[in-house]
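Number of protein chains: 2
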Amino acid sequence: LSDTPNIFSAATLEKIVSRVFRAMGTPQDITDQVSHSLILSNLVGHDSHGIIRIMEYYGWVKSFDLNPIATPSISWSRGSSAFIDGAWGFGQPAAMLATREVISLAKNTGTASVVIGRSNHVGRLGEYVNEIANHGMLGISFCNAAATIVAPYGGAKPLMGTNPFAWAIPGTGEMNTVLDFSTALIAAGKVIHAAMSGEIIQSGALIDKDGNPSTNPNDLQNGGALLPFGEHKGSGLSVLIDVAAGALSGVLPAAIENTGHGNGTVIIAMDISNYVKIDIFKNIAEAFLVALHSTKAIDGPEVLMPGELEFRTKTLREKAGIHVSRGVQENILIVARELGVEIPEFD
Amino acid sequence: LSDTPNIFSAATLEKIVSRVFRAMGTPQDITDQVSHSLILSNLVGHDSHGIIRIMEYYGWVKSFDLNPIATPSISWSRGSSAFIDGAWGFGQPAAMLATREVISLAKNTGTASVVIGRSNHVGRLGEYVNEIANHGMLGISFCNAAATIVAPYGGAKPLMGTNPFAWAIPGTGEMNTVLDFSTALIAAGKVIHAAMSGEIIQSGALIDKDGNPSTNPNDLQNGGALLPFGEHKGSGLSVLIDVAAGALSGVLPAAIENTGHGNGTVIIAMDISNYVKIDIFKNIAEAFLVALHSTKAIDGPEVLMPGELEFRTKTLREKAGIHVSRGVQENILIVARELGVEIPEFD
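Sequence order for the protein chains is A and B. Just so you know, the first sequence maps onto residues 938 to 1284 in this note's numbering. Just so you know, the second sequence maps onto residues 938 to 1284 in this note's numbering.
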């Protein structure tokens, strides 16, 4: 790995990220969790949620929106519900604490939910529901994002965040079935990248400041908005996520309090073994996977289960390493220099 | 109402439906529940799930797929989980029993789930999650439909049912926020109607038997398939619903056992008052609704909350009555005659 330029092992990248966060004063256990979550996103192929986030998080630290030394805690836990206080620290440790708590509660009672308040970016929801599935449970999670960037279906102005939804169930072998999507049709990052590159955006993804359909990426920054996926259905999911996660968590919907950052997160777990033996459940999942693969057209592309591409990418990148562009490396080096951290791997 | 041809009050239609089911031997309490659920669908504007279903249900009774005298029961209930045995009777009473049980469990423990097995068509999921929201809770429900009619995203063959998903939270006044959608882009009924009428189908909704995009409605019956909404995201929702609801309920995914009928159903409830005072939650929902309405373009259509159109339609039809076409009336009269039931209202 070390001989290939700009390719790094996950372990090397985790060490680099750890050094940066430790220099912000972040405790070791919190540092380990955030570093692991970020690099896991790179491993499964979602580089937008990976090491690149260092710059954004450091910006929040400098603006006092993110307290790098905060530790999340369980505010209360009773019956089959609990509430996690993220203490406006990193969101990933709060979400993993919530995940462990919801699994523990669901083991005791059968079904449980945990809500996270005062939380920054929790990262990739797929990580948490996958962990729930690893424990033989069904996991559902959704969070609102407290920045107005998505217009509701038929609307002309931004109202909601990109409000992701994730759902996982146990699969065969080590591969669970993991669905994890933004309720926006395309990512804001893609629009910003297109604006920089002079490219146009696919139709149906964007409106301008007057609510007219647009393919010009510059319209997003000029009062326009992203559109939800799936017309009224995807828009409805985004609305439910925004109100439910925003109100339950106290982070509030962005339409009411547009802080520009913060995630209100809900995680639900159902213990499958109450309803059906886990081996039978996995056999059904396996038979479904085989049937799904067989729907491939003769000359068509493979048809994959939700999460199958991520599982393959992870297997591949664990061996071949993770590519980090020179541009990203240089941006991380700027942060590192400000914090007095050495990253010889990027020099 | 009685002077307007083909317009009937909800009470009149409920009485008509009751007479038909009672003549099949269905107990009074089950009859009341099914009649109410069907006509409630007409009231909220979803006529496809209303009185028209009598013909389909009677067909299942004659083929011994639906036992009209069966009564659902709670197989077990412990902690925050329960299982309802639909006994292969009508699905609506099983779903309403499950709804009452999940509300009761969530009141005790905070969060709960109930699964329904051996169930016929449960009808409109929106009815059940709306009832959960009436009790100050968040309700999520999904069910698989054991008939292969929808191809997965990128696939060339039908694999899944239309697998609906519903989600409700308390709103303002009597109007909750209620999302309820099929994961197919369009309803099978719409395709069948288009085939009868010689119309074409919107592009992106249908493929032919070779997996090619089609707008010819006849392709559905000739080995083609409906497509999911929202590309890979809606398709992923359908996959998760099919495996989770199919395996937990024992109804099985249609890809494994294509019975052509039956619903495996999951209902989840979260008691909101554990997390936030219900009045505060409703105030946030109200503020969000106002903000959403304000995203309307100057000359654009109204922008509505999920469930708002249904709420308005119900208010309207409670006063103005429900239209039942002569064709539907005549089909119901055929069933009635076979059962020896008089329906003077339709003569």
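Even for Gly, the Cβ is constructed at its ideal location relative to N, Cα and C.
Original post:
Below 8 Å, can you find three or more Cβ-Cβ pairs linking the segment 1071-1080 of chain B to the segment 1237-1257 of chain B?
Top reply: Segment contact: the segment 1071-1080 of chain B against the segment 1237-1257 of chain B, fewer than three CB-CB distances shorter than 8 Å; contact not assigned.
Subject >> Member of B:1186, B:1183 and B:1139 whose CA lies at the smallest distance from the CA of residue 1163 of chain B >> reply: B:1139
Original post:
Leaving out the 5 sequence neighbours to the left and right, which residues in its chain are closer than 7 Å to residue 1142 of chain A when beta-carbon positions are compared?
Top reply: 1122, 1123, 1163 and 1164
Original post:
For residue 1162 of chain B, which three-state DSSP category applies?
Top reply: strand
Subject >> Span separating the alpha-carbon of residue 1152 of chain B from that of residue 1233 of chain B >> reply: 32 Å
Original post:
With 8 Å set as the bound, which would you pick, yes or no: does the beta-carbon of residue 1127 of chain B sit closer than that to a beta-carbon of chain A?
Top reply: Chain A, which has no Cβ nearer than 8 Å to the Cβ of residue 1127 of chain B, makes this no.
Subject >> Whole-Å CB distance - residue 1276 of chain B paired with residue 1032 of chain B, under 8 Å assumed >> reply: Not really, about 25 Å apart at Cβ, beyond 8 Å.
Original post:
residue 1192 of chain A and residue 1228 of chain B look like a contact to me (Cβ under 8 Å); what is the Cβ gap, rounded to whole Å?
Top reply: Contact holds; Cβ gap of about 4 Å.
Subject >> Spatial distance of residue 978 of chain B from residue 1117 of chain B (CA atoms) >> reply: 12 Å
Subject >> Test item: CB-CB of residue 1161 of chain B and residue 1145 of chain B under 8 Å >> reply: yes
Original post:
Which whole-angstrom value describes the C-beta separation of residue 1208 of chain B and residue 1047 of chain B, a residue pair presumed to lie in contact below a C-beta threshold of 8 Å?
Top reply: 5 Å
Original post:
What residues in the segment 1114-1142 of chain B have a beta carbon less than 7 Å from any beta carbon of chain A?
Top reply: 1114, 1116 and 1118
Original post:
If you run the structure through DSSP and keep just helix, strand and coil, what is residue 1173 of chain B?
Top reply: helix
Original post:
Which word fits residue 1242 of chain A, buried or exposed, when buried means at least 16 other C-beta atoms lie within 10 angstroms of its C-beta?
Top reply: With 16 or more Cβ atoms within 10 Å of its Cβ, residue 1242 of chain A is classed as buried.
Original post:
Using a Cβ-Cβ cut-off of 6 Å (strictly less than) and excluding sequence neighbours within five positions of residue 1020 of chain B, which residues of its own chain qualify?
Top reply: 1012, 1013 and 1052
Original post:
Pick from B:969, B:1060 and B:987: whose alpha carbon is nearest that of residue 1262 of chain B?
Top reply: B:987
Subject >> 8 Å Cβ cut-off: residues of chain D touching residue 1031 of chain A >> reply: Among the protein chains of the structure shown, namely A and B, there is no chain D.
Original post:
Going by other Cβ atoms of all chains shown within 10 Å of its Cβ, with 16 needed for buried, is residue 1200 of chain A buried or exposed?
Top reply: buried
**OP:** Check whether the Cβ atoms of residue 1187 of chain A and residue 1083 of chain A sit closer than 8 Å, and answer yes or no.
**Re:** no
Original post:
Is the segment 1053-1066 of chain B close to the segment 1023-1038 of chain A, with three or more CB pairs under 8 Å?
Top reply: no
Subject >> Nearest to residue 1092 of chain A (by Cα), restricted to the options B:1235, B:1264 and B:1219 >> reply: B:1235
Original post:
Just how far apart, CA to CA, sit residue 1039 of chain A and residue 1079 of chain A?
Top reply: 14 Å
**OP:** Give the straight-line distance between the Cα atoms of residue 1214 of chain A and residue 1159 of chain B, rounded to the nearest whole angstrom.
**Re:** Residue 1214 of chain A and residue 1159 of chain B: Cα-Cα distance of roughly 38 Å.
Original post:
Which of the residues in the segment 1080-1110 of chain A, read from start to end, lie with their CB under 7 Å from any CB of chain B?
Top reply: 1088, 1089, 1091, 1092, 1093, 1094, 1096, 1104 and 1106
**OP:** Starting from the C-beta of residue 1157 of chain A, find all residues in its chain whose C-beta is less than 8 Å away, skip the five residues before and the five after it, and write them out in chain order.
**Re:** 1086, 1125, 1128, 1129, 1132, 1143 and 1163
Original post:
When burial is assigned at 16 or more other CB atoms within 10 Å of the CB, is residue 1181 of chain B buried or exposed?
Top reply: By the neighbour-count rule (16 or more Cβ atoms within 10 Å), residue 1181 of chain B is buried.
**OP:** Taking only the alpha-carbon atoms, compute the straight-line gap between residue 1018 of chain B and residue 1194 of chain B and give it to the nearest angstrom.
**Re:** So the two alpha carbons sit approximately 26 Å from each other.
**OP:** Return the chain-ordered ranges of every alpha helix (DSSP H) run that is complete within the segment 959-1047 of chain A and spans a minimum of 4 residues.
**Re:** 965-980, 990-999 and 1028-1046
Original post:
Does the beta carbon of residue 1009 of chain A sit closer than 8 Å to a beta carbon anywhere in chain B?
Top reply: no
**OP:** Provide the residue span of the alpha helix (DSSP H) that contains residue 1252 of chain B, from first to last.
**Re:** 1245-1257
**OP:** Could you tell me whether the Cβ atoms of residue 1259 of chain B and residue 958 of chain B are closer together than 8 Å?
**Re:** no
**OP:** To the nearest angstrom, report how far apart residue 952 of chain A and residue 972 of chain A are at their CA atoms.
**Re:** 8 Å
**OP:** Give the secondary structure of residue 1210 of chain B by DSSP, where H, G and I count as helix, E and B as strand, and everything else as coil.
**Re:** helix
Original post:
At which residues does the beta strand (DSSP E) containing residue 1108 of chain B begin and terminate?
Top reply: 1102-1109
Original post:
Using the beta-carbon count (16 or more within 10 Å), is residue 1105 of chain B buried or exposed?
Top reply: buried
**OP:** Please report how far the alpha carbon of residue 966 of chain A lies from the alpha carbon of residue 1240 of chain B, in whole angstroms.
**Re:** 46 Å
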